[in-house]
DNA sequence: CTCAGATGGTTGAATGCTCAAGCAGAGTCT
DNA sequence: AGACTCTGCTTGAGCATTCAACCATCTGAG
């Protein structure tokens, strides 16, 4: 048996060329700025980190403002552990409540409380303004189109996802767009 | 006197339109994937987080493999505090050493040790492979150009930086490109 | 039915980051 | 010189995230 990773790692690394380097560094710089800006703004004005905002936002769009923990974790791009801790914290604030899943007794549901919805509603305008300030107000509509196109490509499922795939994410509820 | 922020916050928020939403979500998804992928790969294969890799990489390019803490902080896009903690940790590993600044006695210098350079050299191929895997191998050269162009725009200094600006970052040293 | 493995979720320890406070040295003004 | 402020850097506490266990429940094979 050959060790495939050894074979792979024996190939000389393909370093980034000039263009790629520039793209990479500019990208890293922007992401750093962005994370910093968003987290600071939310923490300062609304007392929550960006990750928690996303949890509240996703819940606010869900039917009954309720989602199963595992689904919420997937949607918010966080690990089960991270989400569990986060929801624990949000529960202390009275922004989210846990409920038991009606049929699967392993399951837990996260429910956005009225106070949580209020907190989100107050946080949203400042947040979207911050996003605009750092990103969209610096781009022309044409550039926004290119941006979307690029990152659609980059996030496309590359792995062979046979079958109908994980079904569209349960259509947006009729609420205002508090999701950014 | 009017309260300007009150005036600002009284304007109805400009929510993101459809195109912007799609761009934003795809972007967030990609960044989450990317951070996760890079941090995991580095932690697993080289025992350091991505932020520490960047510290080592920047030092490796500097003359004498040495930088003043404040400069290093700026280059690595981290706060002074963050860098101080990071260097403390790197010092424990024997990868970086602190020295006193020769003329400004407030100053501290971070020096990449030989062991640190070795660690970086071993980490670099896996890291650049990870970056390729998630980003550049999924883009055509034309797309890479657009990417660079977009993020150059987004990271351009917007504030009126009069004068000659903060001088080009001390040209790359002749070392191999371990910076990604 | 029963058992083995998969799935859903939580927990605690370890780590990195942020924030606010603090200290020492350098500049500046009189 | 003396007093003020600014800059450079560090520190400790608090918080978020990760990782590796862990328990409970569900599912499927025999």
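Residue numbers (our numbering), protein chains in the order written: chain E, 217 to 396; chain V, 217 to 396.
C-beta atoms are modelled at their ideal positions from N, C-alpha and C, and glycine is treated no differently.
The three-state reading of DSSP puts residue 369 of chain E in helix, counting H, G and I together.
From the listed residues E:315, E:347 and E:355, the smallest Cα separation to residue 252 of chain E is found for E:347.
For residue 283 of chain E, the closest of E:259, E:261, E:359 and E:312 by C-alpha to C-alpha distance is E:312. Residue state for residue 299 of chain E is assigned as helix, using DSSP reduced to three classes.
Minimum Cα-Cα distance from residue 343 of chain E among the listed residues E:231, E:241, E:267 and E:238 corresponds to E:267. With its beta carbon less than 8 Å from one in chain E, residue 359 of chain V belongs to the interface. With 16 or more other CB atoms across the displayed protein chains lying within 10 angstroms of its CB, residue 332 of chain E is buried. Rounded to the nearest angstrom, the Cβ distance from residue 354 of chain E to residue 370 of chain V is 6 Å, consistent with a contact under 8 Å. In terms of beta-carbon proximity, residue 351 of chain E lines the interface with chain V, with at least one pair separated by less than 8 Å. Linking residue 300 of chain V to residue 285 of chain V through their CA atoms gives a straight-line distance of about 8 Å. Contact check between the stretch 357-368 of chain V and the stretch 242-261 of chain E: three or more CB pairs, one atom from each, fall below 8 Å, which counts as touching. Taking a C-beta cut-off of 8 Å against chain E, the contacting residues of the stretch 336-348 of chain V are 340, 341, 342, 344, 345, 347 and 348, listed in chain order. Ranked by how close their Cα comes to the Cα of residue 329 of chain E, the residues E:349, E:314, E:250 and E:232 have E:314 in first place. Put simply, the backbone Cα of residue 247 of chain V is about 14 Å away from that of residue 256 of chain V.
Of the residues assessed, residue 281 of chain V falls on the buried side of the cut-off, its CB having 16 or more other CB atoms within 10 angstroms. Minimum Cα-Cα distance from residue 261 of chain V among the listed residues V:357, V:340 and V:361 corresponds to V:340. Distance from the CA of residue 258 of chain E to the CA of residue 264 of chain E, rounded to the nearest whole angstrom, comes to 6 Å. Counting every other CB atom within 10 Å of its CB across the protein chains shown gives residue 319 of chain V a total below 16, marking it as exposed. Residues of chain E whose Cβ lies closer than 8 Å to the Cβ of residue 238 of chain V are, in chain order, 364 and 368. Secondary structure note for residue 245 of chain E: its alpha helix (DSSP H) is the uninterrupted segment 234-262. For the pair residue 271 of chain V and residue 288 of chain V, the CB atoms are nearer than the 8 Å cut-off. Membership of residue 328 of chain V in the beta strand (DSSP E) is indicated by the continuous run 324-328.
At a cut-off of 8 Å between C-beta atoms, residue 230 of chain V counts as an interface residue with respect to chain E.
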